[in-house]
Amino acid sequence: MSHGLSRPRPTPGPTPPVRCPVHAQAVPLYKSVHRPDHALLWEELRARFGTVAPVEIRPGVPGWLLLGYHENLNVLRNPASFATDPARWRESREERQADRVHGAALAVDGERHRRMRAPIVEGLRALSGRRLTGAIKQTATSLIDRFATRGQADLIADYAVPLPAMVLNFLFGLDTRYGDLLARLCAARNGGDPDTAARAAADIHRYVTALVERRRAEPGDDFVSRLLAHPAGLTDDEVAAELTMLLRAGVQPTAHLVGNALRLLLTRSEVATAYRGAALPSVDFLDYVMWADPPLQTLAARYPTRDVRIGGADIKEGEALVLGFAPAHADPATRRGDRDAFDALVGNRAHLMWGAGPHGCPAQALACEIAITAIDTLIDRLDPVLDGTPDDLRWRASLSVHGLVSLPVTFRPEPAPAVPEQPAPRARRRLLPVRAGRPRAQGARYSAPGAAIEDTASRAASARHARVGTPTSRATGARYHVPAAEEARPDPLEGLLTRWG
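Every letter in the sequence shown is one number past the one before it in this note's numbering, and letter 408, counting from 1, is 408.
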């Protein structure tokens, strides 16, 4: 028996969760955001883990990064086994809400997904055609007009980033003032300053909410009105969620699809020669960009509905799967020879940038139309040259969106538009003097005094007769304290224009 001092027993606490042995080796993916060589990162993970790598999406938040092409494709095509609804995620609700747009078609499954998706697909289809193509062309031209006389520009900030937001604003049925507003909001939301990004995200929500309210009261021939009028019967909150999803998932990737395509044309002579010589059709060129320089690298978007085995990894129900578009496009299983071989990738539409299965991108045609029109309009008009060397270009610090910070170019400046001449002032007509002795005109036509007297007398007599035996009406107006009409409520969209103007 021991007579020494007894040690206090530890207080029983919650049993820590049993961690998968493989996840003990999880790579903190978030620490690689600032790496300039993400392509090398994918290859390092592939060499270490194969086609599926255990990762930490954020500190303490585990997930699985799909590196193989066929593994990604299988997950995309099987919504019954791999759900998009974040309610399936095993992590806490607060963590789930950080990166997902709830209530939109992108984040629901089954019948609810079909109900939410149909209005988007049908609305975009109804508004496609010459009118939309003309609007994209006009918007691209107006952006170029802003810098064409300078002889230099940043094709990311001045052109690629604002264009998709301004086109969506056109589809929403708002004038160009709101297009500039939406472009500024989206650029600020995706910028590097957290406070400004949070303020912009809140104001995008206000923009969307006010837009839905306006279109509910004043419907027109626009995308939002079509969503509201669709037989699916979407609520205002559901329509707002759809628009938020479209702005979040569509603006930035489309902008960097344009930017990455322009970078390839400015830095790869063989690509530029084929494109300018019409040997490379625009659609085939976009397919090449999707393979060689995809604007979207990864996306945390799927959750297994049961325990599964993928690429040799045992994955529990509800664990997060990170779709790896860029790693999949670099998978040796999809390549023969050089991974960036131009001839092997041009026109190859098997890339995963538009997704696959029932959750495939509903705005694919719109994004392609914006990108092709933007590229052709700029190249045909300015013939820009890269200002610097390709090694000077810097990529955004993101493992999700793959795009340049800036793309500086120079070109021959266009002459400033001529200021239209003001018309010469008209000479004042000379008034002829009135000859003496001319009789003064009289009569109603000339407002003669006699006519005025007769008119006044007539009105007075009429008033006397009107007062006799006629009941007087109750006096109204501010003088008699009649309640004033209710003031119109301030327009939130106008308020946003003032705030971000």
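Think of the CB as a built atom: it goes at the ideal place given N, C-alpha and C, for glycine as much as any other residue.
Whether residue i touches residue j by CB criterion (8 Å)
i      : j      : result
Pro413 : Thr141 : no
Leu185 : Asp158 : no
Arg226 : Ala126 : yes
Val75  : Leu323 : yes
Leu404 : Gly259 : yes
Leu262 : Ile375 : yes
Leu168 : Leu247 : yes
Val401 : His256 : yes
Ala360 : Asp284 : A quick correction: the sequence has Gly, not Ala, at residue 360. In this structure, Asp284 does not lie closer than 8 Å to Gly360 by Cβ.
Ser32  : Leu40  : no
Gly151 : Val224 : no
Ala135 : Phe82  : no
Gly177 : Leu497 : The identity of residue 177 in the sequence shown is Arg, whereas the question assumes Gly. Yes, they are a contact pair.
Glu317 : Trp64  : no
Phe325 : Leu296 : yes
Simplified DSSP assignment, three categories, for residue i
i      : result
Val346 : coil
Asp307 : coil
Asp392 : helix
Val504 : Not covered by the structure: residue 504. The range shown for the chain is 1 to 501.
Trp64  : strand
Thr84  : coil
Asp323 : The sequence shown places Leu at residue 323, rather than the Asp named in the question. DSSP places Leu323 in strand when its eight states are reduced to three.
Ala365 : helix
Glu218 : coil
Thr235 : coil
Leu299 : strand
Asp109 : coil
Asp383 : coil
Val27  : strand
Asp491 : coil
Leu399 : coil
Val55  : strand
Within-8 Å CB hit, residue i to chain C
i      : result
Arg184 : Among the protein chains of the structure shown there is no chain C, as only one such chain exists.
Buried or exposed by the 16-neighbour rule on C-beta atoms within 10 Å, applied to residue i
i      : result
Val385 : exposed
Tyr509 : Given a span of 1 to 501 for the chain in the structure shown, any question on residue 509 remains unanswerable.
His351 : buried
Glu91  : buried
Ala301 : buried
Glu71  : buried
Asp109 : buried
Leu243 : buried
Arg96  : At Arg96 the pLDDT is 44, less than 50, meaning the model places this residue with poor confidence; the figure from the coordinates comes in the next sentence. By the 10 Å Cβ count, Arg96 comes out buried.
Gln518 : Look at the range of the chain in this structure, 1 to 501, and you will see that residue 518 is not part of it.
Val55  : buried
Val121 : exposed
Gly501 : exposed
Val409 : buried
>> Restricting to runs no shorter than 4 residues, where is the alpha helix (DSSP H) found entirely within the stretch 153 to 214?
In response: 162 to 171, 176 to 189
> Between the stretch 128 to 140 and the stretch 229 to 240, do at least 3 Cβ pairs fall closer than 8 Å?
Replying inline: no
> Given 8 Å as the limit, is there contact between the stretch 307 to 320 and the stretch 51 to 60, that is, 3 or more CB pairs closer than that?
Replying inline: yes
> Can we say the stretch 269 to 276 touches the stretch 393 to 406, given the rule of at least three CB pairs closer than 8 Å?
Replying inline: no
>> Could you tell me which whole alpha helix (DSSP H) segments of length 4 or greater appear in the stretch 242 to 294?
In response: 269 to 276, 282 to 292
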